[in-house]
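To keep things clear, I will list the structure first and then write my remarks on it.
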Amino acid sequence: MTTTHVHTVRPRLDLPKAAPKAARALYAADQAVRESPLDPTVRELVKLRTSQINHCVHCIDLHSHEALELGETLDRLIQLAAWRESTLFTPAERAALEYTESATTLTEHGVSDEIWAGVRETLSDEELGALVVQVALMNAYNRFGVPLQMPAQNRDQG
């Protein structure tokens, strides 16, 4: 059986209108991570990698552009899906991406001690706390964006 994806111009549901208190709480959590000591580059790479794994086109589009606006390079964004094979990412970024992938694709074994040790040695407690919240929050956003079929922003170049 083949599944056809309907590409809508609008999401199936306007979540901030349908659940305003919950949406405001999510946005407040996002703002708290933005104000944390977690490096903005790591934050955006984590958001984008999580969204790539979860196939959330709205979030992939949004966070690619946000990363570019914050000074991220196009080469690093292009290579993010294959970051292990790339030479463009720092040890701290690699540890954060490893954690992101493990926490996003949770198995019955959770996040391994080895992966946890990798982020523990590269991030402070405050940075690590923000990373844990950011990955969980981004997965939550993706789980809204995908079922609601939130489209990518139309950035008409013509």
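Heads up: the sequence shown begins at -10 in our numbering, then just goes up one per residue. For every residue, glycine included, the Cβ atom is placed at its ideal position computed from N, Cα and C. Note that the structure is a prediction, hence the values are computed from the model and not measured.
I believe Leu86 touches Phe78 by the beta-carbon criterion, under 8 Å. Please report the beta-carbon distance rounded to the nearest angstrom.
To locate residue 86, count along the sequence shown from 1; it is residue 97. To locate residue 78, count along the sequence shown from 1; it is residue 89. Indeed, because the Cβ distance is near 7 Å, the residues count as touching under 8 Å.
Starting from Val35, follow the alpha helix (DSSP H) in both directions and report where the run begins and ends.
Position 46 of the sequence shown, counting from 1, holds the residue named residue 35. Counting along the chain, the alpha helix (DSSP H) containing Val35 begins and ends at 29 to 43.
Measuring alpha carbon to alpha carbon, tell me which residue in Ser53, Ala71, Glu82 is nearest Arg144.
Position 155 of the sequence shown, counting from 1, holds the residue named residue 144. Of the listed residues, the one whose Cα sits closest to Arg144 is Ser53.
C-alpha gap between Asp156 and Leu27, whole angstroms
The shown model of the chain, from -10 to 147, leaves out residue 156, and the question about it has no answer.
Three-state class that DSSP yields for Gly147 in the structure shown:
The count along the sequence shown starts at 1 and reaches residue 147 at position 158. Because the pLDDT of Gly147 is 49, which lies under 50, any placement of that residue in the model is unreliable, and the number read from its coordinates should be weighed accordingly. Gly147 falls in the coil class under three-state DSSP.
Neighbourhood of Gln68 by C-beta, 7 Å cutoff - its chain only, sequence neighbours within 5 removed:
Residue numbering aside, residue 68 sits at position 79 when the sequence shown is read from its first letter. Result list for Gln68: Ser75, Leu77, in chain order.
Please report the distance separating the alpha-carbon of Ile104 from that of Gln142.
Translated into the one-based positions of the sequence shown, residue 104 becomes position 115. Translated into the one-based positions of the sequence shown, residue 142 becomes position 153. So the alpha carbons of these two residues sit roughly 34 Å apart.
Among Ala119, Gln41, Gly60, nearest to Ala71 - alpha-carbon criterion
Locating residue 71 in the sequence shown gives position 82, counting from the first residue. The option with the nearest alpha carbon to Ala71 is Gln41.
So Pro9 packs on Leu137, CB below 8 Å; how close in whole Å?
The sequence position of residue 9 within the sequence shown is 20, counting from 1. The sequence position of residue 137 within the sequence shown is 148, counting from 1. In fact, because the Cβ distance is near 15 Å, the residues do not count as touching under 8 Å.
Please state whether DSSP places Gly60 in a helix, a strand or coil.
Residue 60 sits at position 71 when you count from the first residue of the sequence shown. DSSP places Gly60 in coil when its eight states are reduced to three.
Cβ neighbour criterion (16 or more within 10 Å) applied to Gly60
As a position in the sequence shown, residue 60 is number 71, starting the count at 1. Per the 10 Å Cβ criterion, exposed.
Buried or exposed (CB count within 10 angstroms, at least 16 for buried), Ala14:
For the purposes of this step, residue 14 is identified with residue 25 of the sequence shown, where counting begins at 1. When all chains shown are included, Ala14 counts as exposed.
Range of the contiguous alpha helix (DSSP H) that encloses Arg23:
Start at 1 with the first residue of the sequence shown, and residue 23 comes out as number 34. Counting along the chain, the alpha helix (DSSP H) containing Arg23 begins and ends at 9 to 23.
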